[in-house]
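Asker: Residue numbers (the working numbering): 98 to 562.
Once you've had a glance at the structure underneath, I'll fire off some questions.
Structural data, given as structure tokens:
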């Protein structure tokens, strides 16, 4: 087990301390290539901290290419040529030097990044001051385990306006991100259920189901999403889907397929659909696609959303809308769990939404991301027609597919890495199987237009296209 000394008074977030420790161990050769890291649960127990904190550290390490998650096996150190410094100086590195040392990519096309240059710092700071000056003593006391009623009302009204979600405040549970809410959901459902999961998939959700011993049925996707006929041939009682913008393929599930999925759920009492409304706020052509939950007339859809993409990753506030049939189950089995979001932060977010800042911020970011989306497509217009562009018009990334290139995905990734550019192979998001031809994810949200142009020029050169 790691010997990490967490300094609670340093001002450095705990996840960042874990991240920096592991990066240092990898760079010094103390963690060998292909070495296995402790699971999130093991490390959280050993350090006596939350698993969310460990998961954030691991997610950062994975996004920067230091480690990789292998389905059903765990986290492993990746092979990184030229990074190790086995005999380097042991002189302590300052925080600024540490951050500089691990920034190894000139351009990182991360599909998980957001544009922090335009984060609402001023408005957020204003609301923080107002909340503190209001001298509201209640915010320093324990709140409702579901989250403060005022925030739940604000989220209910926002979801109804923007996503067509139909619910009451009593159906909403606030939690520190989607991962926590999925873990809470497992307390409400019978153990050892079968769950159909999109393949490829957002791996963090898959890991949660795996950790709780669900029988997982990876479901290949066609151009409309999860195939309901194949779903019927499984013993799954749950289906995990991202119908508004499937991650990572970008598929939008059409109305006919959505109704087929709902009919599958209606056929048996114990069937439910878990709808992760990933990236739903950002759509650049046509009207936003309403949530599947709004079509549900029998209480079969469990709806999940988060503010992390819309505001900032550190705003660890997610929400889960339960069907009424599961609300009573929540009060019996899980309402004794305290909310994982501070009341102070809940109040700031409530004001951010109710005073109109949130939707104005979203509209602004849609314009910024649309410009970047159009710019990266324009830059790719100089690439050969044989390079296919897919999954665009929504979200914060697109896919490029190479049916005729003489390289496999690992070779494309390695060539990009050597040139200082980070790309993300589609195959790494598969539970089983892989892509038919090399396909890569290119995120653009956290990049400037100049960085996008530079990165694509480098990739075009090193890949010889």
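All residues carry an ideal CB built from backbone N, CA and C; glycine is no exception.
1. What residue range does the beta strand (DSSP E) around residue 173 cover?
2. Count Cβ pairs between the region 344-364 and the region 389-408 that sit closer than 8 Å; are there 3 or more?
3. Per the contact definition of three or more C-beta pairs closer than 8 Å, is the region 419-428 in contact with the region 261-269?
4. Going by DSSP, which residues form a beta bridge with residue 496?
5. Please return the same chain residues whose Cβ sits closer than 7 Å to the Cβ of residue 459, not counting the five positions on each side in sequence.
6. Look at the alpha carbon of residue 148 and the alpha carbon of residue 305, and state the distance between them as a whole number of angstroms.
7. How should residue 519 be labelled, buried or exposed, when 16 other C-beta atoms within 10 angstroms of its C-beta is the threshold for buried?
8. Below 8 Å between beta carbons: does that hold for residue 133 and residue 173?
9. Comparing C-alpha positions only, which one of 253, 294 and 299 sits nearest to residue 451?
10. Determine, using beta-carbon pairs with one atom in the region 201-213 and one in the region 226-242, whether at least three such pairs fall under 8 Å.
11. Considering residue 336, what are the terminal residues of the beta strand (DSSP E) in which it resides?
12. Give me the DSSP bridge partner(s) of residue 317.
13. For the region 490-500 against the region 520-537, are there 3 or more C-beta pairs whose distance is under 8 Å?
14. For the beta strand (DSSP E) that contains residue 372, what are its first and last residues?
15. Would you tell me roughly how many angstroms separate the C-alpha atoms of residue 155 and residue 135, rounded to the nearest one?
16. List the endpoints of the continuous alpha helix (DSSP H) containing residue 280.
17. Measure the C-alpha to C-alpha separation of residue 342 and residue 413 and round it to an integer number of angstroms.
18. Go ahead and label residue 429 buried or exposed: buried means 16 or more other beta carbons lie within 10 angstroms of its beta carbon, across all protein chains shown.
19. Can you check DSSP and say which residues form a bridge with residue 205?
20. Considering only the beta carbon of each residue, do residue 369 and residue 344 sit closer than 8 Å?
21. For residue 152, count neighbouring Cβ atoms within 10 angstroms of its own Cβ and tell me buried if that reaches 16, exposed if not.
22. Around the C-beta of residue 203, are 16 or more other C-beta atoms found within 10 angstroms, so that it is buried, or is it exposed?
23. Between residue 119 and residue 158, how many whole angstroms is the CB-CB distance? I'm expecting something under 8 Å.
24. Would you identify the three-state DSSP class for residue 551, choosing helix, strand or coil?
25. Between the Cα of residue 346 and those of 487, 335 and 457, spot the shortest distance and give me the residue it belongs to.
26. Should the region 458-476 be called in touch with the region 325-333, which here means at least 3 C-beta pairs below 8 Å?
27. Consult DSSP for residue 402 and reduce its assignment to one of helix, strand or coil.
28. Taking the alpha-carbon positions, what's the residue 101 to residue 139 distance?
29. What is the DSSP secondary structure of residue 330, reduced to helix, strand or coil?
30. For residue 381, which of 216, 431, 464 and 282 has the nearest alpha-carbon?
31. Whose C-beta lies closer than 6 Å to the C-beta of residue 130 among residues of the same chain, with five residues either side of it excluded?
32. Can you say whether residue 193 is buried or exposed, counting buried as having 16 or more other CB atoms within 10 angstroms of its CB?
33. With residue 316 and residue 302 assumed to form a contact (beta carbons below 8 Å), what rounded beta-carbon distance in angstroms separates them?
34. Going along the chain, which unbroken runs of the alpha helix (DSSP H) with 4 or more residues stay wholly within the region 428-461?
35. With H, G and I counted as helix, E and B as strand and the rest as coil, what does DSSP make of residue 354?
36. Report the CB separation of residue 288 from residue 340 in whole angstroms; it is logged as a contact under 8 Å.
Answerer: Taking the coordinates as given:
1. 171-174
2. yes
3. yes
4. When DSSP reads this structure, residue 496 sits in a beta bridge with 487 and 538.
5. 378 and 407
6. 11 Å
7. buried
8. In terms of Cβ geometry, residue 133 and residue 173 form a close pair [threshold 8 Å].
9. Looking only at 253, 294 and 299, the smallest Cα-Cα distance to residue 451 is reached by 253.
10. Because the criterion of three Cβ pairs below 8 Å is not met, the region 201-213 and the region 226-242 do not touch.
11. 335-338
12. Here residue 317 is bridged, per DSSP, to 296.
13. Under the three-pair Cβ rule at 8 Å, the region 490-500 counts as touching the region 520-537.
14. 369-373
15. 10 Å
16. 275-282
17. 21 Å
18. Flag for residue 429 reads exposed.
19. 519
20. Contact: no.
21. buried
22. exposed
23. 6 Å
24. helix
25. The shortest CA-to-CA distance from residue 346 to any of 487, 335 and 457 is the one to 487.
26. No, the region 458-476 does not touch the region 325-333.
27. Assigned with DSSP and collapsed to three states, residue 402 falls in strand.
28. 13 Å
29. coil
30. Between residue 381 and the set 216, 431, 464 and 282, the nearest pair of CA atoms involves 464.
31. 174 and 176
32. With a pLDDT of 36 at residue 193, under the threshold of 50, the modelled position of that residue is not reliable, and no figure is offered here.
33. So it is not a contact: roughly 13 Å between Cβ atoms.
34. 440-451
35. helix
36. Contact doesn't hold; Cβ gap of about 27 Å is too wide.
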